[in-house]
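Please read the structure below before turning to the comments.
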Amino acid sequence: MSVLKRLGFLRPAYWLPLAVLLVGLGILWSVTAKDSPYLLPPLAAVGEALAANPGFYLANAWATLAVALVGLAIGFVASFILAVLVSELPLARRAIMPIAVVLSVTPLVAIAPALVVAFGFGPEPKLIVTALICFFPILINVATGLRSVSPAVLQVFTTLHASRLEMLWHVRMPSALPYLFTALRVVFPLSIIGAVVAELSAPGAADGLGTVISVASSNNRLAVVYAAIFCLAIMGSVLLLIITAIEDRVLHWHESRQGATS
Amino acid sequence: MTLTSPAPTSTADSISIRGAVKIYGSAPSRHVALANVDVDIKRGQFVSIIGPSGCGKSTLLRLIAGLEEADAGTAEVFGVPPERACAAKMIGLVPQAPALLPWKDVLGNVSMPAKVNRRADKLRRRIHGHLERPAPDMLDLLSKAGLTDAVHKLPAQLSGGMQQRTAIVRAFGVQPDVLLMDEPFSALDEFTRESIQEQLLDIWDENKTTVVFVTHSVSEAVRLSDTVLVMSARPGRITASVDITLPRPRSQAMLKTAEFHHFEDVIRDHLQTAWQENPMTGSTPIPAGAAS
Ligand SMILES: Nc1ncnc2c1ncn2[C@@H]1O[C@H](COP(=O)(O)OP(=O)(O)OP(=O)(O)O)[C@@H](O)[C@H]1O
Ligand SMILES: [Mg+2]
Chain A
1 MSVLKRLGFL
11 RPAYWLPLAV
21 LLVGLGILWS
31 VTAKDSPYLL
41 PPLAAVGEAL
51 AANPGFYLAN
61 AWATLAVALV
71 GLAIGFVASF
81 ILAVLVSELP
91 LARRAIMPIA
101 VVLSVTPLVA
111 IAPALVVAFG
121 FGPEPKLIVT
131 ALICFFPILI
141 NVATGLRSVS
151 PAVLQVFTTL
161 HASRLEMLWH
171 VRMPSALPYL
181 FTALRVVFPL
191 SIIGAVVAEL
201 SAPGAADGLG
211 TVISVASSNN
221 RLAVVYAAIF
231 CLAIMGSVLL
241 LIITAIEDRV
251 LHWHESRQGA
261 TS
Chain B
263 MTLTSPAPTS
273 TADSISIRGA
283 VKIYGSAPSR
293 HVALANVDVD
303 IKRGQFVSII
313 GPSGCGKSTL
323 LRLIAGLEEA
333 DAGTAEVFGV
343 PPERACAAKM
353 IGLVPQAPAL
363 LPWKDVLGNV
373 SMPAKVNRRA
383 DKLRRRIHGH
393 LERPAPDMLD
403 LLSKAGLTDA
413 VHKLPAQLSG
423 GMQQRTAIVR
433 AFGVQPDVLL
443 MDEPFSALDE
453 FTRESIQEQL
463 LDIWDENKTT
473 VVFVTHSVSE
483 AVRLSDTVLV
493 MSARPGRITA
503 SVDITLPRPR
513 SQAMLKTAEF
523 HHFEDVIRDH
533 LQTAWQENPM
543 TGSTPIPAGA
553 AS
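Residue numbers (the working numbering), protein chains in the order written: chain A, 1 to 262; chain B, 263 to 554.
This is the structure in structure tokens:
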């Protein structure tokens, strides 16, 4: 029974709609590419670009991924610490949260060029942009999550005279996990966007898929541009898959998962 | 022997609330949840609080638990302020909602109190009259509550009644001097309710716990209590205190006796008076006689 369920994706009902849509889009793409080669490169050319030099794409993908993940890690640590601070100290909350909300709706794409001017073409501006992009969704979600504990639970632990640290560790942090994962599902793919935006704004940068795209497009090499875009799409999807898999394991207790299992 | 007999005038051996006032909101929408409430509950007593919805029962319980600051008056639990009683883990709370941690299974939830505030035992020994007891076996308590099969289930996989029982076991587990229970059996069917009532009485008898029990069921109040406090709303106050002088243990058969019904009727009369003063919060009064 459960094996059948797990292999459910093998059934046509599962994959057929997607396959049909993909084939349709592929045909549409090919027709467009044939009519106006400056709009889209032929799919075959994109494939050839990838096949001719896989090491090139792999190396640049890795460069972008490294920036994305390190930036994400920095943003995560910083925002998590600030979220705890903000949820524990009402004064800090009133001071910081309005600024955080305003900054979170500011397009970071606009900040990237300024950071390149300030920090040069090294990894710093890229990491800062990526960290910043990941910072606010995590801060806002975790700060909300840490305060999402029901009053009745708080009452029980208050009568037990649990310390603030115990409350944070045993009650607030686990309560914030679903909120954290909501943020992470947004932020994991977003980190790649942050890295690429930073690379695009730093024209002298040495590597990364963003650099590949900006160089190739100024040389009119559309096939290479789309090959790089294809790599980025795959990277984003894989990151999303990874975080969703982790979430499934960590949040197995959550109501949203209880109906489906057992 | 004579040296150890308790001092008759001290409040050290009772939960004592003096002139408690609790007001919610300010000027335009002021709500007097408790108006000058006096309560005295001796150690080891089983006291129920009954009254119409919104009359301040939960508020009174929160006051004893130190979760609410009174606007006037004092609250003391066995001679110490509620906060100190909490610091010594003398108070076990079963709130109106089960309030379990959804990421912990039943065993994890009932073991939680032991993981926080570990200094409590030391404080406890210093408080006058405290009875020391060995730490209970949680699995044993869970089986007494009929939760053996649910030990490793998550709260989301439990029925409402099972969640309530888990919350009760969690409160029992700290071996509190005072057990504050806010409608703990409201989600149980009649027979489960009676069996859990019996277990509660057993534990109460065994441990000499003091129990303050909020309920909407008259027969439950009569069956369990030494004293039933009847409350009335707007403003919230205690309008009657009925001592239930029925002998213990109170068997199933006693529920059908005339004495039992007598106490039920007395409390029902008090409740009806309380209700007729405030038929429904905010609505027009219902003519006398129509409400029977
Ligand atoms: N935090 C609060 N803020 C404002 N008003 C409150 C608050 N808590 C309680 N009240 C008010 O105080 C009154 C008493 O509330 P309480 O919860 O003690 O009632 P109750 O007797 O427990 O009712 P029920 O039987 O429905 O649980 C209610 O009218 C309620 O509206
Ligand atoms: Mg209540």
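We treat Cβ as the ideally placed atom computed from N, Cα and C, and that holds for glycine.
If we call anything under 8 Å between Cβ atoms a contact, is residue i one with residue j?
| i | j | result |
| --- | --- | --- |
| threonine 428 of chain B | valine 372 of chain B | yes |
| leucine 43 of chain A | serine 30 of chain A | yes |
| proline 446 of chain B | isoleucine 353 of chain B | no |
| valine 309 of chain B | threonine 489 of chain B | yes |
| alanine 245 of chain A | tyrosine 57 of chain A | no |
| cysteine 134 of chain A | glycine 194 of chain A | yes |
| valine 484 of chain B | isoleucine 303 of chain B | no |
| aspartate 444 of chain B | proline 357 of chain B | yes |
| glycine 75 of chain A | isoleucine 138 of chain A | yes |
| valine 23 of chain A | phenylalanine 230 of chain A | no |
| alanine 282 of chain B | phenylalanine 340 of chain B | no |
| leucine 322 of chain B | leucine 355 of chain B | no |
| valine 149 of chain A | serine 175 of chain A | yes |
| alanine 112 of chain A | serine 201 of chain A | yes |
| leucine 241 of chain B | valine 171 of chain A | Outside the displayed range of chain B (263 to 554) lies residue 241 of chain B, so it cannot be described from this structure. |
| valine 379 of chain B | histidine 161 of chain A | Correcting the residue identity first, residue 379 of chain B is asparagine in this sequence and not valine. Yes, these two residues count as a Cβ contact at 8 Å. |
| glycine 498 of chain B | glycine 306 of chain B | no |
Ordered along the chain, which non-local residues of its own chain (more than five positions away) have a Cβ less than 8 Å from that of residue i?
| i | result |
| --- | --- |
| valine 413 of chain B | Asp367, Val368, Leu369, Leu401 and Leu404 |
| alanine 59 of chain A | Asp207 |
| valine 20 of chain A | none |
| leucine 533 of chain B | Ile312, Gly313, Pro314, Val480 and Val492 |
| leucine 40 of chain A | Trp29, Thr32, Ala33, Leu222 and Tyr226 |
| alanine 397 of chain B | Ala376 and Gln437 |
| alanine 553 of chain B | Only weak support is given to the placement of alanine 553 of chain B: the predicted model assigns it a pLDDT of 39, under 50, and the value that follows is read from those uncertain coordinates. Counting only Cβ-Cβ distances below 8 Å, and skipping sequence neighbours, we find Gln534, Trp537, Gln538 and Pro541. |
| arginine 164 of chain A | Glu88 |
| isoleucine 192 of chain A | Thr64, Leu65, Ala68, Leu232, Met235, Gly236 and Leu239 |
| alanine 327 of chain B | Pro344, Cys348, Ile353, Leu355 and Leu442 |
| alanine 92 of chain A | Leu85 and Val86 |
Between residue i and the rest of its own chain, which residues show a CB-CB distance below 7 Å, the 5 nearest in sequence each way excluded?
| i | result |
| --- | --- |
| proline 189 of chain A | Gly236, Leu239 and Leu240 |
| arginine 388 of chain B | none |
| leucine 65 of chain A | Met235 |
| glutamate 124 of chain A | none |
| leucine 115 of chain A | Pro125, Ile128 and Val129 |
| methionine 167 of chain A | Phe157 |
| arginine 292 of chain B | Ile285 |
| alanine 63 of chain A | Asp207 and Gly208 |
| tryptophan 466 of chain B | Phe308 and Val473 |
What does a CB cutoff of less than 6 Å around residue i pick up in its chain, not counting 5 residues either side in sequence?
| i | result |
| --- | --- |
| leucine 491 of chain B | Ile311, Ile500 and Ser503 |
| alanine 382 of chain B | Ala350 and Lys351 |
| threonine 104 of chain A | First, the residue type needs correcting, since residue 104 of chain A is serine and not threonine in the sequence shown. Closer than 6 Å at Cβ, skipping near neighbours: Phe136. |
| serine 79 of chain A | Phe135, Ile138 and Leu139 |
| serine 278 of chain B | Asp302 and Glu338 |
| tryptophan 537 of chain B | Pro314 |
| alanine 407 of chain B | Arg427 and Val431 |
| isoleucine 243 of chain A | Leu184, Arg185 and Phe188 |
| arginine 324 of chain B | Glu330 |
| threonine 271 of chain B | In this prediction, threonine 271 of chain B scores a pLDDT of 45, lower than 50, which makes its location untrustworthy; the coordinate-derived value is nonetheless stated afterwards. Nothing listed; no residue qualifies. |
Per the DSSP calculation, residue i is bridged to which residue(s)?
| i | result |
| --- | --- |
| glycine 354 of chain B | B/Leu441 |
| serine 503 of chain B | B/Leu491 |
| leucine 296 of chain B | B/Lys284 |
| lysine 304 of chain B | B/Ser276 |
| serine 79 of chain A | DSSP lists no partner for serine 79 of chain A. |
| phenylalanine 475 of chain B | B/Ser310 and B/Met443 |
| threonine 336 of chain B | B/Arg280 |
| valine 342 of chain B | B/Val339 |
**OP:** When you get a sec, list the residues whose CB is within less than 5 Å of any heavy atom of ligand 1, chain order please.
**Re:** The answer, residue by residue, is B/Tyr286, B/Ala295, B/Ser315, B/Gly316, B/Cys317, B/Gly318, B/Lys319, B/Ser320 and B/Thr321.
**OP:** Inspect the CB distances between the segment 332 to 347 of chain B and the segment 404 to 423 of chain B and report whether three or more fall short of 8 Å.
**Re:** no
Original post:
Would you say the segment 359 to 379 of chain B touches the segment 428 to 444 of chain B, given that touching needs at least three Cβ pairs under 8 Å?
Top reply: Contact between the segment 359 to 379 of chain B and the segment 428 to 444 of chain B is established, with three or more Cβ pairs separated by less than 8 Å.
Original post:
Is the segment 171 to 186 of chain A in contact with the segment 95 to 110 of chain A, if contact means three or more CB pairs nearer than 8 Å?
Top reply: no
Original post:
Is it a yes or a no for the segment 82 to 102 of chain A touching the segment 143 to 161 of chain A, going by three-plus beta-carbon pairs under 8 Å?
Top reply: yes
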